Every structure is written in structure tokens, then in C-alpha cells.
Amino acid sequence: MKEFKRYLLTAALPYANGPLHIGHLAGCYLPADIYARYLRAQKKDIKFVCGSDEHGVPITIRAMKEGIQPQEVVDKYHAIIKDSFEQIGISFDIYSRTSNAVHHKTASDFFTNLYDKGLFEEKETEQYYDEEKKTFLADRYIIGTCPVCGNENAYGDQCERCGSSLSPDQLINPKSALSDAVPVKKKTKHWYFPLQNYEPFLKQWILEEHTDWKNNVYGQCKSWLDKGLQPRAMTRDSSWGVKVPLPGAEGKVLYVWFDAPIGYISATKELTENWADYWCKEDTKLVHFIGKDNIVFHCIIFPAMLKAHGNFVLPDNVPANEFLNIEGDKVSTSRNWAVWVDEYLKDFPDQQDVLRYVLCANAPETKDNDFTWKDFQDRTNSELVSIFGNFVNRTFVLMHKLCKGKVPKLHEDILDDADKKLFEEIQNSKFKIQNLLDQYKFRDALYEVIDLARKGNKYMQDKQPWIVARQTGDDGQPNGEAQKQIDNTLHICLQLTANLAIFINPFLPFTAKKMIYMMKVVDKMLDWENAGKAMLLSIGYSLRAPELLFRKIEDEEIAAQIQKLKATSGNVQNKNINSQKMEDIKVEDSSKASPPIGGGGLEGALKSTIQYDDFAKLNLKVGTILSAEKVEKADKLLKLEVDLGFEKRIVVSGIALHFKPEEIIGKQVVVVANLASRKMRGIESNGMILMAEDKAGKLYFVSPGEKIDEGSSVT
RNA sequence: CGCGAAGUAGAGCAGCGGUAGCUCGUCGGGCUCAUAACCCGAAGGUCCCAGGUUCGAACCCUGGCUUCGCAACCA
18 MKEFKRYLLT
28 AALPYANGPL
38 HIGHLAGCYL
48 PADIYARYLR
58 AQKKDIKFVC
68 GSDEHGVPIT
78 IRAMKEGIQP
88 QEVVDKYHAI
98 IKDSFEQIGI
108 SFDIYSRTSN
118 AVHHKTASDF
128 FTNLYDKGLF
138 EEKETEQYYD
148 EEKKTFLADR
158 YIIGTCPVCG
168 NENAYGDQCE
178 RCGSSLSPDQ
188 LINPKSALSD
198 AVPVKKKTKH
208 WYFPLQNYEP
218 FLKQWILEEH
228 TDWKNNVYGQ
238 CKSWLDKGLQ
248 PRAMTRDSSW
258 GVKVPLPGAE
268 GKVLYVWFDA
278 PIGYISATKE
288 LTENWADYWC
298 KEDTKLVHFI
308 GKDNIVFHCI
318 IFPAMLKAHG
328 NFVLPDNVPA
338 NEFLNIEGDK
348 VSTSRNWAVW
358 VDEYLKDFPD
368 QQDVLRYVLC
378 ANAPETKDND
388 FTWKDFQDRT
398 NSELVSIFGN
408 FVNRTFVLMH
418 KLCKGKVPKL
428 HEDILDDADK
438 KLFEEIQNSK
448 FKIQNLLDQY
458 KFRDALYEVI
468 DLARKGNKYM
478 QDKQPWIVAR
488 QTGDDGQPNG
498 EAQKQIDNTL
508 HICLQLTANL
518 AIFINPFLPF
528 TAKKMIYMMK
538 VVDKMLDWEN
548 AGKAMLLSIG
558 YSLRAPELLF
568 RKIEDEEIAA
578 QIQKLKATSG
588 NVQNKNINSQ
598 KMEDIKVEDS
608 SKASPPIGGG
618 GLEGALKSTI
628 QYDDFAKLNL
638 KVGTILSAEK
648 VEKADKLLKL
658 EVDLGFEKRI
668 VVSGIALHFK
678 PEEIIGKQVV
688 VVANLASRKM
698 RGIESNGMIL
708 MAEDKAGKLY
718 FVSPGEKIDE
728 GSSVT
């Protein structure tokens, strides 16, 4: 293996358009932080850089909507994100931002360097323009009717109803998503980076020389390279971003994906005068930690840019994680289906390491994983509290009871196989953990740490010093032989505890701190070179009283979190509302004795006032239930066929706990007929049945007083 | 037929050619130093489906199904 003199770690720049959620942490910040702490413990020369990505169209749109300047948007979220990182213990050497001057200059110079080499191709194209808002529109911001399925809210690049990929030209009645104006075509000039010229280099570099990269990363790159690369525009029409440093380029900025990765360089410049050592010397190991959506930018585009520039090192590895889902559904910021880091920190004060633990133990390293609060509770209570925390605690308690609060002597003459075996295990663990961390297998590495604590518990159980202590002499104290055995057991358990502190430190730094406090040792003991050593705590040294490292997570706490998640996700302004969630809330609420909140709306607070226009968006129709059946493997869902007069529809409804299928056939109901369709348990649901809920949580159909024609509108 | 990743016990994952494994959960027993913690044992799997290669396949090949992701910026 190649020897590196210094390390440069980067973590994907979070987009300053919203706060940080746990998916971000699990995706790249936590693995990056663990790796950084591990290298620091090895006394390596490392820099760990990150910063907010503050450019790009979505930020300008948010600013426009809120009537403020883009800078204000960015200032707000930059502060929130930075604070979340600090509190959860992500140990960046610098957390910078792309709106600062250093970055503008760096990105601009980078562009100029490539421009002066004649690398860009200038091309004039026609793009859609919103004359009202005076801005060019990305495909995503053009809305119209899908030519394939007739969906009126198809985007300029894709119809979300039928999945067809589209171009804005294909849309019927295109409108700007910003102003409802009809977009017009307008000529614009841009600078394209000829990626295809770097294809031979990239193929050699990735496909031949980096077969060690993770499957998902390698596969994704291979797919791109096999398809063939295209020139890619590196500039955009916008007023927000790094200005294109060329004459006659007013109103044009660098494409965010051109400038964002350069943000890593800018941040390093800001951090140290010696930044060039980290970016330009061959014996630097550059590692980009990212999420899977970023693979192409970090493995194809940015390396091609670096290569074109010529002065920079290329990444040695790009360990990308998959995505973390929440309670079975993918994270969606627009639906507020996320666990926000700043809120977690408020709800669980002083519990940073617990979240770090769960996110690492269940990290989406090889495929998408699911975060559930139940799993959070289980892992905390059984693995952290019962295994790790408990081992440390019982070791300390026994040491105080049986060894007068001091590190006992080790009596070499009576060391037995079990004792020696445990020393070996400590050694083995060091090599295993080291090996796994070197391969970016954080989940497995953390498992090894816990497993070592598990072995400690077993050792303690086999030795049972509390029983040995009953072999008393005349004075009522344990006799000499017994005391020697007890000494050995606890001596070994204490040395193991010291080792555990070293091992757990990269993962759970707050816990490691508590442990060294209890052991009255200095930070330096946590240096990785001490790992595996048998004599970390000196004999006769008196230690502090134990302090619990973790506490149990109670049922009520996770119930509250689940409630919060569901409650806030219902209250969204996004029209593409998730009907399953809505119905789930109803059923969940009603299963509780407490009066329903929010959704029930008996005497509860009303949602904010809406205008008639908002109401008019709903198409409410009377329909008759033709058939009903239970949906397999779902307790709460019924699959209904509803006759709406003009058509028959399949609607999936979360009412199975309240009604038997046979008793509702023939019932007239009110259906939200223009609700976006949604798959539940594999069945597509087209609409939603209106229900009323009483104080006891019982559900009633909303239906016309007497029988009327199917398809009648409700207004 | 666009492409990539994934589909293994109730949950989360490992194994990637040679008698199905780990952690949690469940059930039973033991212990009591410890945060009702710890230890031992048991139950639980057509390894997505169908073909093929092989003495032998969860693992290789072919076809299919399902989930997630992929120049819309959301790790």
C-alpha cells in the first residue's frame, strides 16, 4: 500500500437551503468525522474541510418567494447548519461557505485557468425565459400538461405521474413555475467543458486503477463511462453565484457544480497557508465523503476539472453511502418527513453520541437503510446501555467495592487462560478495527468495539469476582488467594475499559471524554498507538466513582418523536400531499385514549386561513363503494373500488381497523378526486375518502343525506 | 428492452462454490457485581422467482419480478 504523508478529507458541501437532517449525517458527515478522528488519533497530518454550498437557482427562488435577498437565505441556514455540526461533534478543521470572497476568487481563477488554456467550448442555445421575473428557467421550473398521460402538473424534465422523461418543448401549455407567465425562448451563450476528452483518462484512472472503490461507486462510474460523456455547460444565467470572469459575460455565473467542489480548495486556503501541500503534492491522500447522489460529480466531473487544471492531486477514494430512509419512507424536506439535527439536539440534550451510534451502526453503507425510532431505542438500550455502558459501570463499581477504588495489582503467577485470552482479544480488536476503518467499513468497525465490550462482560461473568469475594479469611475480608484472583479480574477489566475508551473515541467522542474523566487520565491516553496495550492504567492509581455513560430511552420518548414526525408531515404546504400519511395519523390518533390533536379538529386549533382559490383546487365528488377488500400485509388498509359516475377508481384507504369490507359496500362517500395518485403496499390509490372523526376517535363516512347521482360535485 | 445498487430468520446485516451465520427482538433457564442490567440455551429461513453450469450454488450464468437511486441539486 502506498504511504501517504498527509491526508485531506472532504465532506459534501451541504446546500444552504434548509437545516441539517440525520440523513445528511449518516450519508457522509458521520463517516467522515469518524475517519478524521481516527487519523488524528494516529497523529497523522490531516485536514478535514467542509462548508455551505450557497449558490444555485433554488436559493434565488426561495429568496424571491420570501421577498428577501439570497444572501439572507444563505446566512440563516449557514448558521443553523454550522451550529448543528458543532453540537453533534463533527470535527471539521474548518467549516467555510461558498459565498465568501476567498471562494469567489478561487473559483474564478480556476475557471480562468481552464479558459486561458482554451479548454471551453462556447455555444449559443435557446432557453426558456420568464419575462415577468426576468430570469431563465431551468427545465424543472416549467410546468405544463404531460403529452403522454395528460397530467397537468408535469415538469419540463419529467412527468411525475407517468414517469416519462420530457423536454420543455413537449409540454402542452407550458407555464413558468415562478410567475405563471408563458415562457419564451431566448438566445443565451454558455461555456461548455468537453468531458468527452477526458474519457480515456477517466477510464484508465477509475476502471483500471480504482477497482478498490465501493461497488455502488464503481458501478455508477462505469455506467457513465460506458454511456459516453458529453460536453457540459459550466455556466448559468443568474445573478447569484460566482460571476463568470470574462468580458461580455454579465448576468452569467458559474454552474454550482463547477464551483461547489472548488469550495473544498477555498476552504483549505482559508484554513492554512500551506494549503497547496494538501492539494498539489502527490503524497497527499485526498478522500471525498459523499452521498450516492453526488457520485458523478466527485468521480467524473471534478476529477476531470482537476486533471484539466493540471496542478492538483486526484481523490484516492470516494466512499459514498446510500440513503437513509425514515420509518419506511424516504426523506422528503418538502413533506417535512425528516428528523432534523437541531431538533434532535433540543429533544435529547446531551445525547449526541447516542444518535452518532445509531446512525453508524445502521449506516447505509451498502444499500439504503431505514431509520426507525424503535430501532433507535433498541440499539441504545441493548447495545449502548446494556453491553457497553454496563460493562464499564460494573467494572468501576466492583473495583470500588473489592479493590478500594484503586487499580489493583496484576499477579502474573496466577494468570490463567481466560486472562490471557482476553489480552489477546484486545490486541485482535485493535487490528480488526484498524483494518475495517482503513477500508471505510465504519459499521463493522463499530460492531467490533461493542463486541469487545461483550467479551468483557462474558469474561466478568465467568470470573464472577463477587462470588470469589465470599471466600473470606478470619477477618471477614476475602482471603489472600481470593483477593489475588479478584485483583487480576478487575485489573484486566479496567485495562479493557481503558482500551474501549480509545476504540470508541472516533465514533463516540463525548463518551470517550467521560471515560477518561472517570479514569483520571489525560487526553493523550486516547492516542491510537496506546490501543491494544495491557498497561494503560497504573497500579495503585485511584479512580473516580462511576458515572453512567448512557441512559435508557423510554417508550414515551420515542412515541413522542413518532407523533411529531407524523403530525408535522401532515401540515405541509406542498400540494403533492401524502395521503397514506394523513390516513395513518388518523388511525394512530384514534387508537389512543387521549383526545385527537390537530387532525381531529373538534375544539382543537384550526389550521391557518385559506383563500377560496385554495379550496377551489379540490375536486370533491360523490361516489359509491362498489367493492372493498383487505390489503394483504397491511393492518389498516382497505382497497376500495369507487364508482364516480364518469369512471370507476381504485382508492386505498386506511380505515380497516374501523370497518369491515362487507359492511361498507354500496355506501355513498365523498372522494377527493384530483389528489395525486400514490402507491400503497404496491396498489395505486387514486383519491382519498373523506372521513369525520369523533372525540373517541371513531370514524364516520362523510356522505350526502340521501342517495344522489354518482359524480355529483361537492362545493 | 436506458443505466447503477440492492433483495438471506420478526427487524438490521454478514457470507459470495463445499454441512445457512451475526446482532437485536421472542421464548426458556441460570446468576446477582451492575442502568430489572449480565450469562447460557432454544425456537425461527423454499437465502425474490424460474431455468442452466457443476459431483455440489445463497454464492457463477440466463431470463423475470420487486425496491431504491441516476446531468431536475435533496447525503
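Numbered by this note's numbering, the letters in the first sequence go through residues 18 to 732 in order.
Ideal Cβ placement from N, Cα and C applies to all residues, glycine included.
Predicted model only: the values in this text are computed from it and were never measured.
Quick test of your reading: residue i and residue j, contact by CB under 8 Å. State the CB separation rounded to the nearest angstrom.
i: A279; j: A118; result: The sequence as given places Ile at residue 279; Ala does not occur at that position. Their Cβ separation, rounded to whole angstroms, is 14 Å, which puts I279 and A118 out of contact at 8 Å.
i: M536; j: L554; result: 6 Å
i: F413; j: P320; result: Going by Cβ atoms, the distance from F413 to P320 rounds to 51 Å, so no, they are not a contact pair.
i: C316; j: I223; result: 7 Å
i: D544; j: H428; result: 28 Å between Cβ atoms; not a contact.
i: A155; j: V74; result: 6 Å
i: I404; j: A470; result: 5 Å
i: L30; j: C67; result: 6 Å
i: T383; j: I570; result: With 8 Å as the limit, T383 and I570 do not qualify as a contact, their Cβ atoms being about 27 Å apart.
If you draw a straight line from the alpha carbon of residue i to that of residue j, how long is it in whole angstroms?
i: Q59; j: A33; result: 33 Å
i: R249; j: I76; result: 22 Å
i: S730; j: K150; result: 37 Å
i: L643; j: M705; result: 15 Å
i: W354; j: H38; result: 10 Å
i: F65; j: K583; result: 36 Å
i: K220; j: T129; result: 27 Å
i: G422; j: K581; result: 45 Å
i: I318; j: L212; result: 7 Å
i: V234; j: P336; result: 7 Å
i: A651; j: A435; result: In this predicted model, A651 has a pLDDT of only 46, less than 50, meaning its place in the structure is not dependable; the value taken from the coordinates is given anyway. Each residue's alpha carbon lies about 50 Å from the other.
i: R253; j: C163; result: 26 Å
i: K206; j: D726; result: 58 Å
i: V719; j: E169; result: 28 Å
i: K736; j: G173; result: Lying outside 18 to 732, the shown extent of the chain, residue 736 is not represented and no answer is given.
i: V348; j: F459; result: 22 Å
i: G640; j: G722; result: 13 Å
i: S351; j: F21; result: 43 Å
i: W208; j: E138; result: 6 Å
Identify which residue in the options has its Cα closest to the Cα of residue i.
i: S256; options: K286, K269 and S644; result: K269
i: D540; options: Y94, A529 and V402; result: A529
i: F365; options: L582, Q578 and S69; result: Q578
i: C420; options: N516, L560, A284 and V74; result: L560
i: L242; options: E71, V313 and T115; result: V313
i: I792; options: P185, Q144 and T152; result: The question about residue 792 has no answer, for the chain in this structure spans 18 to 732.
i: F567; options: G406, Q502, G493 and K480; result: G406
i: L362; options: S101, T142, G35 and Q86; result: S101
Can you list, in chain order, the residues of its chain whose CB lies under 8 Å from that of residue i, leaving out five sequence neighbours each side?
i: A325; result: L131, K134, L136, F210 and Y215
i: D62; result: K22, R23 and Y24
Count the other CB atoms, across all protein chains shown, that sit within 10 Å of the CB of residue i; report buried if there are 16 or more and exposed otherwise.
i: S9; result: Absent from the structure is residue 9, since the part of the chain shown begins at 18 and ends at 732.
i: D310; result: exposed
i: K286; result: buried
i: Y534; result: exposed
i: R487; result: exposed
i: N232; result: exposed
i: Y55; result: buried
i: D50; result: buried
i: D367; result: exposed
i: C297; result: exposed
i: V273; result: buried
i: S283; result: buried
i: L432; result: exposed
i: D370; result: buried
i: I556; result: exposed
i: A548; result: buried
Quick one: what's got a C-beta closer than 7 Å to residue i's C-beta in the same chain, skipping five residues either side?
i: G473; result: F408, C510 and L513
i: E465; result: S446, K449, I450 and L453
i: T389; result: E344
i: D630; result: Model confidence at D630 stands at a pLDDT of 44, short of 50, so the residue's coordinates are unreliable; what they give is reported in the following sentence. Here the set comprises nothing.
i: L376; result: I39, L42, A43 and L47
Could you pull out every residue in the same chain whose Cβ sits closer than 6 Å to the Cβ of residue i, ignoring the five residues on either side in sequence?
i: H121; result: V259
i: L707; result: V687 and V719
i: E360; result: none
How about residue i: is its Cβ closer than 7 Å to a heavy atom in the ligand GDP?
i: S644; result: Ligands in the displayed structure: none, and consequently the ligand GDP is not present.
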